[in-house]
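Here the sequence shown stands for residues -10 to 300, numbered as in the working numbering.
Positions of the beta carbon are idealized from the N, C-alpha and C atoms, including for glycine.
Since the structure comes first, as structure tokens, the remarks are kept for the end.
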Amino acid sequence: MKAEIIAQLTQSPTPVSGQHLSRSLGVSRVAIWKHIRALQVLGYDIEATSKGYRLHNAPDTPFPWRFGARADRLHYYPELDSTMDKAMELARQGCPPFTVVVAGRQTKGRGRLQRTWHSQTGGLYFTMVLRPLIPPAQSPLINLAAAVDLADTLDDLYGIDVRLKWPNDLLVNDLKLSGILSQIAADPDRIEFVNLGIGLNVRNSTRDIGQAAVALADLASAKVSRTDILAAFWDRLEQRLTGAHLADAIVQWRRRAITLGRRVKIQTLTDLYEGRAVDIDATGGLILQSDNGSRQTVVYGDCFHVGPNVA
Ligand code: BTN
């Protein structure tokens, strides 16, 4: 109902009367008034004039009704500890694939390797529950694919040239724009779910983040919208996973990669690896060549570029 009211107000250059809304949507004028009130409380700037309602401004909040047929799968919270926890709860309860939990802000946002992910208002923080029909060993590909799809989304919407640092950081001019964290529940031969958590600096302050970071609003010339980004990314990833185009992510990732050809250090929870990053393998592992020419593949870790590109 809210989506329909907003659609009518958005389309009309003149105020839309309560009577017209009530007739076209088949509910009472009081019901319309209550929805308008609720929308105003949620931040919609709707003026009630003698000729009807006029929408001046809609907030860029990813409310479910902004996602059309997908509205049932979108769970929006103004504040959460972490979208990872809520998504875990829903995944364990058997929610459908491509269920998305979004938070306006997080009080305990988590990054990879047990770091904090600063999640102030203005950023986009969400976790998507995926149930891919692939062997568990291929699950790292999902993170790579998500990084590619988010980079392509931002390029498409705002013309931003996003680069990827292994395994799945999105950088612009070496500054971190977005990070991806995933949690997987799997048997040896079957994935139950992969929860893909994405944090994107959109309009949030990046001052206190503690690492060199940048927000989309500082890069894009057009007005940025968290709702548009999430909807477009969702399209891409859902098409990729339902259309079995996961393996294409390798080639696409290489095109945006800034890690390949560089000397890197990879920190895992237990070890430190060092060498030249020469390629990624079919499941997204980073192939390192050490000074004596030997090669090894690292499947997970935090990557630090310690030298220029010498590819
Ligand atoms: C990284 O360390 O680069 C990964 C950051 C992932 C942050 C996102 S924000 C939404 C989701 N909820 C969390 O607590 N973390 C992920």
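Taking DSSP as the reference, what is the three-state secondary structure of residue i?
{"i": "Asn162", "result": "coil"}
{"i": "Ala300", "result": "Summary for Ala300: the model assigns pLDDT 46, below 50, so the residue's position carries little reliability; its value from the coordinates is reported in the next sentence. Here Ala300 sits in coil by DSSP."}
{"i": "Gln(-3)", "result": "helix"}
{"i": "Met73", "result": "helix"}
{"i": "His107", "result": "coil"}
{"i": "Ile239", "result": "helix"}
{"i": "Asp291", "result": "strand"}
{"i": "Ile35", "result": "strand"}
{"i": "Arg192", "result": "coil"}
{"i": "Ala271", "result": "coil"}
{"i": "Thr57", "result": "Note on identity: in this sequence residue 57 is Gly, with Thr being the wrong assignment. Note: Gly57 maps to helix in three-state DSSP."}
{"i": "His234", "result": "coil"}
{"i": "Val30", "result": "helix"}
{"i": "Ile314", "result": "The shown model of the chain, from -10 to 300, leaves out residue 314, and the question about it has no answer."}
{"i": "Thr216", "result": "helix"}
{"i": "Ile25", "result": "helix"}
{"i": "Met3", "result": "The sequence shown places Thr at residue 3, not Met. Here Thr3 sits in coil by DSSP."}
{"i": "Ala140", "result": "helix"}
{"i": "Gln323", "result": "For the chain, the structure presents residues -10 to 300; residue 323 sits outside this window and is missing."}
{"i": "Thr286", "result": "strand"}
{"i": "Ala314", "result": "Because the chain here runs from -10 to 300, residue 314 falls outside it and cannot be looked at."}
{"i": "Leu44", "result": "strand"}
{"i": "Leu102", "result": "helix"}
Compute the minimum distance between the beta carbon of residue i and the heavy atoms of the ligand BTN, and state whether it is under 6 Å.
{"i": "Tyr114", "result": "yes"}
{"i": "Gly100", "result": "yes"}
{"i": "Trp106", "result": "yes"}
{"i": "Thr257", "result": "no"}
{"i": "Thr72", "result": "yes"}
{"i": "Gly273", "result": "no"}
{"i": "Gly32", "result": "no"}
{"i": "Leu170", "result": "yes"}
{"i": "Gly301", "result": "Any property of residue 301 remains undetermined from this structure, which presents the chain solely from -10 to 300."}
{"i": "Gly148", "result": "no"}
{"i": "Gly93", "result": "no"}
{"i": "Gly41", "result": "no"}
{"i": "Gly111", "result": "no"}
{"i": "Gly57", "result": "no"}
{"i": "Gly188", "result": "yes"}
Please state if the CB of residue j and the CB of residue i are separated by a distance shorter than 7 Å.
{"i": "Leu153", "j": "Ala201", "result": "no"}
{"i": "Leu133", "j": "Ala238", "result": "yes"}
{"i": "Thr110", "j": "Arg94", "result": "yes"}
{"i": "Lys97", "j": "Asp141", "result": "no"}
{"i": "Ala60", "j": "Trp54", "result": "yes"}
{"i": "Ser108", "j": "Ile173", "result": "no"}
{"i": "Trp242", "j": "Gly188", "result": "no"}
{"i": "Ala204", "j": "Asn190", "result": "yes"}
{"i": "Asp49", "j": "Ser214", "result": "yes"}
{"i": "Ile21", "j": "Ser13", "result": "no"}
{"i": "Ala126", "j": "Asn157", "result": "no"}
{"i": "Glu308", "j": "Phe87", "result": "Past the edges of the chain, shown from -10 to 300, lies residue 308, and the structure says nothing about it."}
{"i": "Thr248", "j": "Ala266", "result": "yes"}
{"i": "Arg43", "j": "Pro4", "result": "yes"}
{"i": "Cys292", "j": "Ile255", "result": "yes"}
{"i": "Leu139", "j": "Phe52", "result": "no"}
Per DSSP, residue i forms a beta bridge with which residues?
{"i": "Ala246", "result": "Leu153"}
{"i": "Asn184", "result": "Val118, Gln172"}
{"i": "Val16", "result": "Note: Val16 sits in no beta bridge, so no partner."}
{"i": "Glu263", "result": "Lys254"}
{"i": "Asn132", "result": "Asn132 is not bridged to any residue."}
{"i": "Glu68", "result": "Arg94"}
{"i": "Ser167", "result": "Leu159, Leu189"}
{"i": "Leu63", "result": "Val89"}
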